[in-house]
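If you want my numbering, it's the position in the sequence shown, counting the first as 1, plus 29. Beta carbons are placed, not taken as given, at the ideal position from N, Cα and C, and that holds for glycine. Because the structure is a prediction, the values reported are computed rather than measured. Accompanying notes for the structure given below.
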Amino acid sequence: MKFAITSKGDSKSNTLMHKMRTYLGDFDLQYDEDQPDLVISVGGDGTLLYAFHRYKSRLSKTAFIGVHTGHLGFYADWVPDEIEKLVIAIAKTPYQIVEYPLLEVIIRHNDGGKEARYLALNECTVKAIEGSLVMDVEIRGQNFETFRGDGLCISTPSGSTAYNKALGGAILHPSIRAIQVAEMASINNRVFRTIGSPLVLPEHHTCLLKPVNDVDFQITIDHLTLLHKDVKSIQCRVSKETIRFARFRPFPFWNRVRDSFVGS
Ligand code: NAP
Ligand code: MN
Numbered sequence: 030m031k032f033a034i035t036s037k038g039d040s041k042s043n044t045l046m047h048k049m050r051t052y053l054g055d056f057d058l059q060y061d062e063d064q065p066d067l068v069i070s071v072g073g074d075g076t077l078l079y080a081f082h083r084y085k086s087r088l089s090k091t092a093f094i095g096v097h098t099g100h101l102g103f104y105a106d107w108v109p110d111e112i113e114k115l116v117i118a119i120a121k122t123p124y125q126i127v128e129y130p131l132l133e134v135i136i137r138h139n140d141g142g143k144e145a146r147y148l149a150l151n152e153c154t155v156k157a158i159e160g161s162l163v164m165d166v167e168i169r170g171q172n173f174e175t176f177r178g179d180g181l182c183i184s185t186p187s188g189s190t191a192y193n194k195a196l197g198g199a200i201l202h203p204s205i206r207a208i209q210v211a212e213m214a215s216i217n218n219r220v221f222r223t224i225g226s227p228l229v230l231p232e233h234h235t236c237l238l239k240p241v242n243d244v245d246f247q248i249t250i251d252h253l254t255l256l257h258k259d260v261k262s263i264q265c266r267v268s269k270e271t272i273r274f275a276r277f278r279p280f281p282f283w284n285r286v287r288d289s290f291v292g293s
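In structure tokens, the structure reads:
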């Protein structure tokens with residue numbers, strides 16, 4: 030089995046990365062940064078997001094595992110004290126794979142050029158460059174509402190504990206293949222009206238955003254911020270691809286939620 034390690038870059042994470050690399054080498058596992066079967070992320074959730082985007086072209090062949098060195102680490106199950114145990118588990122035990130849904134975002138432009146396709150592990154957000162975001166929102170091919178406000182956040186189940194949670198969205202279990210659309214400060218009065226609640230869409234129910242006036246947007250995909258000009262539409266749905274996590278011991282999602290947000 031070939032492995033790669035991604036570090037947050039601070040000295041604690043780097044030390045841990047080097048240690049793990051040496052230990053795994055002692056078990057005759059091969060370090061391969063380009064074609065790993067297993068990617069170990071050492072740091073926080075941001076590090077795992079980075080690792081996901083680094084290896085997104087080979088998701089069906091790669092399993093991820095997170096070790097956290099201080100920050101929240103919602104995606105990271107292992108703490109530094111446990112790395113000897115983890116290394117032995119990686120070297121000796123066949124591991125289970127847990128798959129989480131991803132969000133597919135396709136951005137089309139008015140000039141008819143090539144569409145841009147992205148995969149998000151947490152979410153996509155759409156904001157105006159200036160002033161309010163005004164978007165027609167279509168769900169499953171039907172007009173749903175015209176949104177006016179700060180922005181929209183379309184998240185995955187595992188991303189529902191990130192930005193989405195701060196917007197009052199629900200936490201979705203990642204066994205539910207769905208996406209969630211949450212509003213950022215919508216304008217609601219006699220003239221403008223939006224649903225006002227987060228929406229959970231099942232697989233195949235596409236959410237399509239169509240610009241009303243402005244056609245330039247600030248779009249985020251996880252930790253990445255992009256500027257898209259002359260946008261015709263932004264299409265969001267559950268992706269056919271999934272992210273695979275290697276599980277060496279059970280760590281149920283709700284325990285992870287409790288540990289991260291309620292405390293123990
Ligand atoms: P960051 O500013 O360091 O991330 C913000 C916080 O979100 C960090 O504590 C991070 O944990 C945590 N986080 C990331 N993914 C999570 C998840 N799936 N569940 C629970 N917590 C999660 O930036 P970053 O580390 O590059 O992460 C990018 C993410 O930040 C975006 O995808 C977005 O979800 C989130 N964000 C949140 C808000 C908000 O809540 N108002 C605003 C902007 C962006 P670590 O410290 O372990 O990295
Ligand atoms: Mn971070």
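request  = State the Cα-Cα distance for the pair residue 229 and residue 256, rounded to the nearest angstrom.
outcome  = Their Cα atoms are separated by approximately 26 Å.
query = Can you name the residues that DSSP bridges to residue 97?
reply = 72
request  = Give a single yes or no on whether residue 14 has its beta carbon closer than 8 Å to a heavy atom of the ligand NAP.
outcome  = The structure shown does not extend to residue 14, since the chain is modelled only from 30 to 293, so the question has no answer here.
message = Here's a check: name, in chain order, each residue in its chain whose Cβ is nearer than 8 Å to the Cβ of residue 260, leaving out the five neighbours to either side.
response = 136, 137, 138, 139, 240, 244, 245 and 246
key: Status (buried if at least 16 other CB within 10 Å, exposed otherwise) for residue 65   = The residue is buried, with at least 16 neighbouring Cβ atoms inside 10 Å.
key: For residue 36, the first and last residue of its enclosing beta strand (DSSP E)   = 31–36
inquiry  = Can you tell me whether residue 124 is helix, strand or coil according to DSSP?
reply    = coil
task = To the nearest angstrom, report how far apart residue 281 and residue 76 are at their CA atoms.
result = 21 Å
inquiry  = I'd like the list of long-range same chain contacts for residue 207, defined as Cβ closer than 8 Å, with 5 residues on each side in sequence excluded.
reply    = 130, 186, 201, 229, 230, 231, 232 and 267
task = Give the secondary structure of residue 279 by DSSP, where H, G and I count as helix, E and B as strand, and everything else as coil.
result = Coil.
query = Taking just the CA atoms, how far does residue 79 sit from residue 37?
reply = Cα atoms of residue 37 and residue 79: separation of roughly 9 Å, rounded to the nearest angstrom.
key: Residue burial classification, residue 146 (beta-carbon count within 10 angstroms, cutoff 16)   = exposed
key: Start and end residues, alpha helix (DSSP H) containing residue 6   = Nothing about residue 6 can be reported from this structure: the residues present for the chain run from 30 to 293 only.
task = Report yes if the C-beta distance between residue 88 and residue 31 is below 9 Å; otherwise report no.
result = no
query = If residue 181 and residue 238 are in contact, beta carbons under 8 Å, what's the gap, nearest whole angstrom?
reply = The C-beta distance from residue 181 to residue 238 rounds to 7 Å, short enough to meet the 8 Å contact threshold.
query = For the beta strand (DSSP E) that contains residue 207, what are its first and last residues?
reply = Residues 207–215.
task = Flag residue 32 as yes when its Cβ comes closer than 8 Å to any non-hydrogen atom of the ligand NAP, and as no otherwise.
result = Not one heavy atom of the ligand NAP lies closer than 8 Å to the C-beta of residue 32.
Residue(s) in a DSSP beta bridge with residue 80 = Paired residues: none, contrary to the question.
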